[in-house]
Amino acid sequence: MADITKSEILNTLKKLNDPNLKTDHLTLNSIKDFSLEKDSLKIEISIPSAEGRIEKKSYEKMVDAIKREHSSLKEIHLNVQSIKPIVSTHQDPKKDKLLPEVKNTIAVASGKGGVGKSTVAVNVAVALAKDGAKVGLIDADIYGPSIPLMLGVQQKPKVFKTESGMKMEPVLSYGIKLISIGFLVDDKAPVIWRGPMASGAIKQFMADVVWGELDYLVFDMPPGTGDIQLTLVQTVPLTGAVIVTTPQEVALIDARKALKMFNRVNVPVLGIVENMSYFIAPDTGNRYDIFGAGGGEKLSEELQTTFLGSIPIDARIREGGDKGVPIIHDDPDTKHAAAIMDITHNIVEQVNIRNSKSTGKVEILLGNND
Ligand SMILES: Nc1ncnc2c1ncn2[C@@H]1O[C@H](COP(=O)(O)OP(=O)(O)O)[C@@H](O)[C@H]1O
Ligand SMILES: [Mg+2]
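Numbering that gives the first Met the number 0 puts the sequence shown at residues 0 to 369.
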């Protein structure tokens, strides 16, 4: 009998079309335990589910599918653990007034452009949704609204009339709701107009977009620390900010400025993400620290904030961005995707820590329940 691999079982489960199970989101990391002895398979999988439990019917469907596709198996011991992401709520009167149905708002910011801020915003948003959270994403980067491209979105949001004025429906993509300033602002408009347009548009995105209930609303901010950025940061009631940098000194100087800007307006900095940290040569597996090593980590220490993790340089990340397919979706089992997933979990943990401080409650990152 040919060996059955983890991937084969995963493929079988991914094909299940069960509304109660998000099996299409499973990755190799979801398999916690796997052993095959002769014709007996023992497997343990964790599956994100909003309710935190798996229905018996769904469980049986999974076992049946494995039996059907792998008929050589005599015994199947399937253990399913449902992971319910616990989302704590940021208590803030300003946020409750502007975005009553949104639990948390996270800014992804950087001191300078081109460091991968949008890449991080997109992949973290999709990763949160994979974990079962309800996620919205606002592309607020007036200088280069690139998120529709990165998510392969071509359509414009629907606009419709209601009693309380015109409303806009966000565009759905990879399980998240998206609005981009690129939908509204002509990309040939001179930059000088963009400041007032930006804060006007952001206010509109918060007031006139029908977001529905959201666990996280992520903002891809314009890079830099000028007046426009400062105005935006004060317009949006933020739970916290994530700062993206690359490891080299010139980028770190600007990351430091970004952190100070958030401190000045009393927005908690959730931590620092170091992008393009190193390169692993695909042929030799050797690691190259192209931009130097450990800059983000050192900066986090210096500024007493959390180091949320690092993401290597990889052609697939860039290709994913250009093709409109985020790596976290397309290639979830790669090291790069795992790094982004880790960063996402660290961000959630930081959000929960902030919220527990403001509410006096302690929440945990992921709750298991059988
Ligand atoms: N870790 C990475 N590996 C390879 N390419 C990357 C990585 N992060 C970002 N890129 C690419 O670098 C370019 C700039 O990234 P982007 O997210 O648009 O930066 P920013 O929003 O900070 O300007 C994009 O083409 C993107 O696909
Ligand atoms: Mg960008």
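For each residue, glycine too, the CB sits at the ideal point set by N, CA and C.
With a 10 Å radius around its C-beta and 16 neighbouring C-beta atoms as the bar for buried, classify residue i as buried or exposed.
i: S48; result: buried
i: I146; result: buried
i: H89; result: buried
i: H328; result: buried
i: M340; result: buried
i: G308; result: buried
i: D369; result: With a pLDDT of only 38 at D369, under the threshold of 50, the placement of this residue in the model should not be trusted; the figure read from the coordinates follows. Exposed.
i: N28; result: exposed
i: H76; result: exposed
i: P92; result: exposed
i: L171; result: exposed
i: Y287; result: exposed
i: Q153; result: exposed
i: T4; result: exposed
Going by the C-beta, is residue i closer than 8 angstroms to any heavy atom of ligand 1?
i: M275; result: yes
i: P222; result: yes
i: S179; result: no
i: I316; result: yes
i: G370; result: The requested residue 370 does not occur in the structure, where the chain is confined to residues 0 to 369.
i: G225; result: no
i: D253; result: no
i: P331; result: no
i: G320; result: yes
i: S405; result: Residue 405 cannot be examined here, being either before or after the span of the chain that is shown, 0 to 369.
i: H76; result: no
i: H335; result: yes
i: P99; result: no
i: P246; result: no
i: V123; result: no
i: D313; result: yes
i: I310; result: yes
i: V272; result: no
i: V249; result: no
i: S109; result: yes
i: V79; result: no
i: V119; result: yes
Mapping the DSSP letters down to three states, classify residue i as helix, strand or coil.
i: T343; result: helix
i: P47; result: strand
i: A200; result: helix
i: Y58; result: helix
i: L237; result: coil
i: N10; result: helix
i: L80; result: Per the sequence shown, the amino acid found at residue 80 is Gln instead of Leu. Q80: strand per DSSP, three-state reduction.
i: E162; result: coil
i: L258; result: helix
i: N103; result: strand
i: K31; result: strand
i: K93; result: helix
i: E348; result: helix
i: I65; result: helix
i: T22; result: helix
i: M167; result: strand
i: D253; result: helix
i: V232; result: helix
i: K176; result: strand
i: V208; result: strand
i: K5; result: helix
i: L98; result: coil
i: S71; result: coil
i: K356; result: helix
May I ask you to check if the CB of residue i is nearer than 8 angstroms to at least one heavy atom of ligand 2?
i: K116; result: yes
i: G323; result: no
i: S145; result: yes
i: D219; result: yes
i: G112; result: yes
i: D140; result: yes
I want to check one thing, is the minimum distance from the CB of residue i to the heavy atoms of ligand 3 below 8 angstroms?
i: V243; result: Of the ligands one can find in the structure shown, namely ligand 1 and ligand 2, none is ligand 3.
| field | the segment 311–324 touching the segment 340–357, judged by at least three CB pairs closer than 8 angstroms | value | No: the two stretches stay apart, fewer than three of their Cβ pairs being nearer than 8 angstroms.
| message | Which runs of the alpha helix (DSSP H) at least 4 residues long sit entirely within the segment 111–145? Give them in chain order. | response | 116–129
| request: Entirely within the segment 263–341 and at least 4 residues each: give me those alpha helix (DSSP H) ranges in chain order. | output: 294–301, 314–322, 326–329
| Any contact of the segment 150–168 with the segment 244–254, i.e. 3+ C-beta pairs under 8 angstroms? | no
| request: Determine, using beta-carbon pairs with one atom in the segment 151–165 and one in the segment 255–271, whether at least three such pairs fall under 8 angstroms. | output: no
| said: With three or more C-beta pairs closer than 8 angstroms as the rule, is the segment 265–278 touching the segment 290–308? | reply: With three or more CB-CB distances shorter than 8 angstroms, the segment 290–308 counts as touching the segment 265–278.
| query | Taking one C-beta from the segment 174–185 and one from the segment 201–213 each time, how about it: are there three or more such pairs within less than 8 angstroms? | reply | yes
| query | Do the segment 106–120 and the segment 277–287 touch if we need at least three Cβ pairs shorter than 8 angstroms? | reply | At 8 angstroms Cβ cutoff, the stretches do not touch.
| message | So, does the segment 218–233 touch the segment 60–79, judging by three or more C-beta pairs under 8 angstroms? | response | no
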